[in-house]
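> Residue numbering for the sequence shown follows the numbering used here, starting at 27 and increasing by one per position. Quick reminder that beta carbons are idealized off the backbone N, C-alpha and C, glycines included. Here the structure is a predicted model, which is why all the values come from computation and not from measurement. Just dropping this structure here.
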Amino acid sequence: MKNIRNFCIIAHIDHGKSTLADRLLQTTGTISDREMQSQALDDMDLERERGITIKSHAVQMDYKHSNGEDYILNLIDTPGHVDFSYEVSRSIAACEGALLIVDASQGIEAQTISNLYLALEHDLEIIPILNKMDLPGAEPEEVTDQIVELIGCDPADVIPASGKTGLGVQDILNAVIDRVPAPEGDPKAPLQAMIFDSVFNSFRGIIAYFRVMNGSIKKGEKIQFVNTGETYYADEIGILKMDQHPRKEIKTGDVGYIISGIKQAKEVKVGETITSFDNPCEEAVKGFEDVKPMVFAGIYPVDTDDFEELRYSMEKLQLNDSSLVFEPESSAALGFGFRCGFLGMLHMEIIQERLEREFNMTVITTVPNVSYFCYTIREPETKIIVNNPSELPDPSIIDSIEEPYIKAQVITKSEYVGQVMNLCVEKRGELKNQVYLTQDRVEITFNMPMAEIVFDFYDRLKSVSRGYASFDYHPIGYQTSDLVKMDVLLNHEQVDALSALVHRSNAFDLGKKICLKLKELIPRQQFEIPVQASIGAKIIARETIKALRKDVTAKCYGGDISRKRKLLEKQKEGKKRMRQVGRVEVPQEAFLAVLKLN
Ligand code: GDP
Ligand code: MG
27 MKNIRNFCII AHIDHGKSTL ADRLLQTTGT ISDREMQSQA LDDMDLERER GITIKSHAVQ
87 MDYKHSNGED YILNLIDTPG HVDFSYEVSR SIAACEGALL IVDASQGIEA QTISNLYLAL
147 EHDLEIIPIL NKMDLPGAEP EEVTDQIVEL IGCDPADVIP ASGKTGLGVQ DILNAVIDRV
207 PAPEGDPKAP LQAMIFDSVF NSFRGIIAYF RVMNGSIKKG EKIQFVNTGE TYYADEIGIL
267 KMDQHPRKEI KTGDVGYIIS GIKQAKEVKV GETITSFDNP CEEAVKGFED VKPMVFAGIY
327 PVDTDDFEEL RYSMEKLQLN DSSLVFEPES SAALGFGFRC GFLGMLHMEI IQERLEREFN
387 MTVITTVPNV SYFCYTIREP ETKIIVNNPS ELPDPSIIDS IEEPYIKAQV ITKSEYVGQV
447 MNLCVEKRGE LKNQVYLTQD RVEITFNMPM AEIVFDFYDR LKSVSRGYAS FDYHPIGYQT
507 SDLVKMDVLL NHEQVDALSA LVHRSNAFDL GKKICLKLKE LIPRQQFEIP VQASIGAKII
567 ARETIKALRK DVTAKCYGGD ISRKRKLLEK QKEGKKRMRQ VGRVEVPQEA FLAVLKLN
């Protein structure tokens, strides 16, 4: 135990976490140069392309310190995006130390800080690293000042490094051993291990990664999950290098994997405690949460015949992604599909992309929304959870509606502070705090409705700050708001998939914008189409899509066949994601129009 070190890497996206992790693996010989493939830890295609670590992993490295002693270093990778902050918190809880990587040419960003706070909450030893020192734009003095200011360390504690050239890698490994405390825990106590991640393997089922807090786990023993009460057998346990190495026993302080015949990700929740069935521990590891989806949207097959296939694909996805939830729903406009719950907007995009890539499904996604609580005036008052705006009860029986709020954190340059604040206010945000990290960098904290980031917050933030803003958030509970349901009518028919809950004060403005946007997105057809927004029976905005006069192919004069064919093919391509709503053909983008209003 005294020669084990458990650590993770926390960083803002693109600051070089994956590259540095690869270097550590290479330097410790965990991965040979030949095997070395850039970003070895990100093994999903999608992940590599996006350059983010979606699923956390753990790798064990052997390392001989310059003092001659052998050490076991467990590197626990953490996901880098706000949608997965609970997973980050569990990975952090499995460690005693963290490498805090800051890009020397960028400085501290929002995720650097929010992940740092998580690490400090768990009393992790922080090893600050000034990365990408090889870049000509590196500003080591200034960024070191930022780090020193932030964590209150000695400037000499900051390790200059480069994942690219290998600078500082040896120093980092030695610092992990010298500065990160060895794990504590009672080897003689009953087994208490915490699951910090799990992956799905189509041959072996679920492989769960755990950290032993107390006691030890033995191959073949009967185990129990403390939170669910379910029992299993530890069919195979072992340690993780670049692949699995089975072992007979994993002891206090160490990290390992378990395979126990579990077939579905949802049976193994991150944060779960494993104990021995015959000699159980007294309590679960603290901090377990049942993560709840934050963002909901309808997913519908483009071709209505593909509903069953879509169900099959979603079930497959759920096998390895327990945070995805879905249930069948039907929409007058879109037919049969599923209402899906996601951790956040990125998670939603990932699922949509995976459906398309891995299952070859073409789907229509509706405007995402948060989950609302609606209280009725009926006695006794009932609370209805509304995950789909079209399910909101009739306004006459609604007493109040609550929506989820978040605490948002933006870090930007001082010159953009005014713009960012304006945006926050427009998004119904309430300023909570403003701190100058340095002369030029400001951290702004505010509370705002989660629904507002589901709309076009990210894009707007990027544009008002010219890209110089980073953003992070955490849910802080529900608050009552004056919300109304805004409906959209196409050719006088209400399109349920376009209904949204909006704040009363914004309704007129939004109604007008959405009608304009739909007018732009819906192609002209053989007849005139009125586009209207309404609250209840009251029309609040209207636009008209004029009728099409001529056949589009007519201007090809009949002579140029290939050009005509191309045009028709182009139209067909465009039709793939068209939906017939009443008499109107509506393209997929139109169902997401609300997201693109500016
Ligand atoms: P992550 O998002 O934190 O995992 O960052 P990555 O490791 O994926 O790196 C993001 C980008 O920065 C990639 O294009 C890397 O090639 C580049 N990068 C990472 N480390 C360094 C470094 O030390 N120097 C330079 N010049 N580029 C780096
Ligand atoms: Mg990465």
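Mind the definition here: the region 256-266 touches the region 204-214 only if three or more C-beta pairs lie below 8 Å; say whether that holds.
no
> Between V281, L457 and F251, which lies nearest to K292 when the distance is taken from Cα to Cα?
The sequence position of residue 292 within the sequence shown is 266, counting from 1. Answer by Cα proximity: F251.
> Hey, could you find the ends of the alpha helix (DSSP H) K538 is sitting in?
Counting from 1 along the sequence shown, the entry for residue 538 is found at position 512. Looking at the DSSP string, the run of the alpha helix (DSSP H) that includes K538 is A533 to L547.
> If we ignore side chains and look at the alpha-carbon of each, how far apart do I39 and M476 end up?
Numbered from its first residue, the sequence shown carries residue 39 at position 13. Numbered from its first residue, the sequence shown carries residue 476 at position 450. The straight-line gap from Cα to Cα measures roughly 22 Å.
> I believe V396 touches V321 by the beta-carbon criterion, under 8 Å. Please report the beta-carbon distance rounded to the nearest angstrom.
Position 370 of the sequence shown, counted from the start, is the residue given in the question as residue 396. Position 295 of the sequence shown, counted from the start, is the residue given in the question as residue 321. So it is a contact: roughly 6 Å between Cβ atoms.
> What does a CB cutoff of less than 7 Å around D466 pick up in its chain, not counting 5 residues either side in sequence?
Counting from 1 along the sequence shown, the entry for residue 466 is found at position 440. Answer for D466: K439 and S440, listed in chain order.
> Which class does Q132 belong to by DSSP, given the choice of helix, strand or coil?
Stepping through the sequence shown from its first residue, residue 132 is reached at position 106. In the three-state reduction of the DSSP assignment, Q132 falls in the coil class.
> Runs of 3 residues minimum, wholly inside the region 359-439: which ones carry the beta strand (DSSP E) assignment?
361-368, 389-391, 398-402, 409-412 and 424-439
> Considering only heavy atoms of the ligand GDP, does any lie closer than 8 Å to the CB of H91?
As a position in the sequence shown, residue 91 is number 65, starting the count at 1. Flag unset: Cβ of H91 not near the ligand GDP.
> Under 8 Å: do the region 146-162 and the region 177-188 share three or more Cβ pairs, one atom per stretch?
yes
> Would you say the beta carbon of T138 is closer than 8 Å to some non-hydrogen atom of the ligand GDP?
Position 112 of the sequence shown, counted from the first residue, corresponds to residue 138. The answer is no for T138.
> Between E165 and E135, what straight-line distance do the alpha-carbon atoms span, to the nearest angstrom?
Here residue 165 refers to the residue found at position 139 when the sequence shown is read from its first residue. Here residue 135 refers to the residue found at position 109 when the sequence shown is read from its first residue. Cα-Cα distance, rounded: 15 Å.
> Looking at the strands, I want to know which residues DSSP matches up with K248.
Numbered from 1 along the sequence shown, position 222 holds the residue referred to as residue 248. Answer is Y259, bridged to K248.
> Go ahead and pull the three-state DSSP assignment for I80.
Against the sequence shown, residue 80 aligns to sequence position 54. Residue placement at I80 is flagged as unreliable, the pLDDT there being 37, under the threshold of 50; the coordinate-derived value follows with that caveat. DSSP places I80 in coil when its eight states are reduced to three.
> Could you give the distance in angstroms between the alpha-carbon of S489 and the alpha-carbon of G55?
Translated into positions along the sequence shown, residue 489 becomes position 463. Translated into positions along the sequence shown, residue 55 becomes position 29. For S489 and G55, the distance between alpha carbons rounds to 44 Å.
> What three-state label does DSSP hand L574 in the structure shown?
The count along the sequence shown starts at 1 and reaches residue 574 at position 548. Three-state DSSP puts L574 in coil, outside helix and strand.
> Measure the C-alpha to C-alpha separation of N346 and Q290 and round it to an integer number of angstroms.
If you number the sequence shown from 1, residue 346 lands on position 320. If you number the sequence shown from 1, residue 290 lands on position 264. Going by the C-alpha atoms only, they are around 7 Å apart.
> Expressed to the nearest angstrom, what Euclidean distance is found between the alpha-carbon atoms of H148 and A119?
Stepping through the sequence shown from its first residue, residue 148 is reached at position 122. Stepping through the sequence shown from its first residue, residue 119 is reached at position 93. Straight-line Cα distance between these residues: approximately 6 Å.
> Comparing C-alpha positions only, which one of L381, S349, T330 and S286 sits nearest to S356?
Here residue 356 corresponds to residue number 330 of the sequence shown, with the count starting at 1. When each option's Cα is compared against that of S356, the closest is T330.
> Checking the sheet assignment: what are the DSSP bridge partners for S496?
Working through the sequence shown from its first residue, we reach residue 496 at position 470. Bridge partners of S496: I437.
> Can you list, in chain order, the residues of its chain whose CB lies under 8 Å from that of P421, leaving out five sequence neighbours each side?
For the purposes of this step, residue 421 is identified with residue 395 of the sequence shown, where counting begins at 1. Contacts found: V510, K511 and G562.
> Per DSSP, what are the beta-bridge partners of N517 in this structure?
Taking the first residue of the sequence shown as 1, we reach residue 517 at position 491. Per DSSP, none; premise fails for N517.
> Of all the options L266, K312, Q132 and A434, which has the alpha carbon lying nearest to the alpha carbon of P162?
Translated into positions along the sequence shown, residue 162 becomes position 136. The shortest C-alpha separation from P162 is found at Q132.
> I'd like to check one pair, L336 with M387: are the Cβ atoms closer than 9 Å?
In the sequence shown, the residue the question calls residue 387 occupies position 361. In the sequence shown, the residue the question calls residue 336 occupies position 310. Yes. Within cutoff.
> Quick one: does the C-beta of H7 sit closer than 8 Å to a heavy atom of the ligand GDP?
Residue 7 is absent from the model: the chain starts at 27 and stops at 624.
> With H, G and I counted as helix, E and B as strand and the rest as coil, what does DSSP make of L350?
Here residue 350 is taken as the residue at index 324 of the sequence shown, counted from 1. Coil, per DSSP.
> Could you check the C-alpha separation between N473 and A495 for me, to the nearest Å?
Counting from 1 along the sequence shown, the entry for residue 473 is found at position 447. Counting from 1 along the sequence shown, the entry for residue 495 is found at position 469. Distance between the alpha carbons of N473 and A495: 17 Å.
> How far does the alpha helix (DSSP H) with F483 in it extend, from its first residue to its last?
Here residue 483 corresponds to residue number 457 of the sequence shown, with the count starting at 1. Looking at the DSSP string, the run of the alpha helix (DSSP H) that includes F483 is F483 to V490.
> Which stretch, first to last residue, makes up the alpha helix (DSSP H) that contains N448?
Looking up residue 448 in the sequence shown gives position 422. From DSSP, the alpha helix (DSSP H) with N448 extends over V443 to E452.
> Near F352, which residues of its chain fall below 6 Å by C-beta distance, leaving aside the five closest residues on each side in sequence?
For the purposes of this step, residue 352 is taken as residue 326 along the sequence shown, with counting starting at 1. Within the same chain, F352 has close Cβ partners M340, F364 and C366.
> For R380 and Q344, what's the separation of their Cα atoms in angstroms?
Counting from 1 along the sequence shown, the entry for residue 380 is found at position 354. Counting from 1 along the sequence shown, the entry for residue 344 is found at position 318. Computed Cα separation, rounded: 11 Å.
> Which whole runs of the beta strand (DSSP E) in the region 267-299 are 3 residues long or more, in chain order?
270-273 and 281-285
> According to DSSP, is S58 part of a helix, a strand, or is it coil?
What you label residue 58 is simply residue 32 of the sequence shown in a count that begins at 1. Three-state result, S58: coil.
> Give me the DSSP bridge partner(s) of P501.
Against the sequence shown, residue 501 aligns to sequence position 475. Paired residues: I432.
> Inspect the CB distances between the region 182-198 and the region 39-53 and report whether three or more fall short of 8 Å.
yes
> Have a look at M604 and D485 and give me their C-alpha separation to the nearest angstrom.
Locating residue 604 in the sequence shown gives position 578, counting from the first residue. Locating residue 485 in the sequence shown gives position 459, counting from the first residue. Distance between the alpha carbons of M604 and D485 is about 26 Å.
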